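Okay, so the sequence shown: first residue is 19 according to the numbering used here, each after it adds one.
Cβ coordinates follow ideal geometry from the N, Cα and C atoms, glycine included.
On a predicted model such as this, the values are computed, not experimentally measured, just so you know.
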Amino acid sequence: MVDETPFVFVCQIDLSEISIDDKFEWLPDKGTIFFFVAPSTCDETAPELFRVIHSFDSTDHQHPLPVGGAPPYPRFDLTFESDFTYDLEFSASALQHDDQVEFDKWAYEVNAARKSHTKWQLDGWPCDLQSNKDMPRICEMRYRNLTDNDHGVLKSQNFSNSLADWVFIGRVHRTGLDSPWAYYHCGYFWVRKSDAKRGDFSKAMFFTQSD
Numbered sequence: 019m020v021d022e023t024p025f026v027f028v029c030q031i032d033l034s035e036i037s038i039d040d041k042f043e044w045l046p047d048k049g050t051i052f053f054f055v056a057p058s059t060c061d062e063t064a065p066e067l068f069r070v071i072h073s074f075d076s077t078d079h080q081h082p083l084p085v086g087g088a089p090p091y092p093r094f095d096l097t098f099e100s101d102f103t104y105d106l107e108f109s110a111s112a113l114q115h116d117d118q119v120e121f122d123k124w125a126y127e128v129n130a131a132r133k134s135h136t137k138w139q140l141d142g143w144p145c146d147l148q149s150n151k152d153m154p155r156i157c158e159m160r161y162r163n164l165t166d167n168d169h170g171v172l173k174s175q176n177f178s179n180s181l182a183d184w185v186f187i188g189r190v191h192r193t194g195l196d197s198p199w200a201y202y203h204c205g206y207f208w209v210r211k212s213d214a215k216r217g218d219f220s221k222a223m224f225f226t227q228s229d
């Protein structure tokens, strides 16, 4: 790594698997999205806590620098031991209690077989935080560094219009993270669709949820 932050690879999305699905048109057509966390702090607002990186060539383990400027995030050497992706059709029937039970059973069997706790989800598998209608508002407030006292901005049409741009993209389970993450149930990644379409995940948001 270029910096000294001990980022841990937790999950990835192979975009070739989902590019044929129109509901994911806000993602790049090619490449791989890598998710990292740094389990050295419980402050989920800290920018050094996580990274989301899009790479067109996963065999080139150094993310390319943008033309004519400094990178919006540090460069990384991408190293990991194992990975897998979920069947998107299997997760498409989410938002039902039975689905959650089935998913938990399936994930446990996969983890036991693969000796891996890496998980990710895309538009699937419900939880309180994911289904929280306030999450786009929370994302936009954090993005703009706003508080509940910024009444004028929060009530503006510009702020309201920005909420539709936020979308949930992935979840990582606590078993894929080291201490102090054991205190949390899951970590959730949110991105702006307008950024994601360009392959820019430097402004992604990360939230934790306890049991």
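Would you give the residue range spanned by the alpha helix (DSSP H) that Ser180 belongs to?
Segment Gln175 to Ser180, the alpha helix (DSSP H) holding Ser180.
Drop a sphere of 10 angstroms on the beta-carbon of Arg162, count the other beta-carbons inside from all chains shown, and report buried for 16 or more, exposed for fewer.
Flag for Arg162 reads exposed.
May I have the straight-line CA-CA distance separating Lys173 from Asp152, to the nearest angstrom?
The straight-line gap from Cα to Cα measures roughly 14 Å.
Closer than 6 Å by C-beta to Phe213: which residues in its own chain qualify, once you throw out the five before and the five after it? Chain order, please.
In the sequence under discussion, the amino acid at residue 213 is Asp, which differs from the Phe named in the question. Same-chain partners within the cutoff: Lys221.
Which residue wins for smallest C-alpha separation from Arg230, given the options His169, Ile36, Val70 and Ser34?
Because the chain is modelled from 19 through 229, residue 230 falls outside the range shown and cannot be assessed.
With a cut-off of 8 Å on the beta carbons, I'd call Ile31 and Phe219 a contact; round off their distance for me.
That pair is no contact at about 11 Å.
Check for me: the alpha helix (DSSP H) holding Arg160 runs from which residue to which?
That run of the alpha helix (DSSP H) goes Met153 to Arg162.
Leaving out five residues before and five after Gln114 in sequence, what residues of the same chain have Cβ atoms less than 6 Å from its Cβ?
Residue placement at Gln114 is poorly supported in this model, since its pLDDT is 42, which falls under 50; the coordinates are not used for a value here.
Can you give me the C-alpha to C-alpha distance between Arg155 and Leu181, rounded to a whole angstrom?
Each residue's alpha carbon lies about 6 Å from the other.
Is the separation between the beta-carbon of Gly188 and that of Phe53 shorter than 8 Å?
The answer is yes: Cβ separation under 8 Å.
What's the gap between the Cα of Met159 and the Cα of Leu45?
Roughly 23 Å between the two C-alpha positions.
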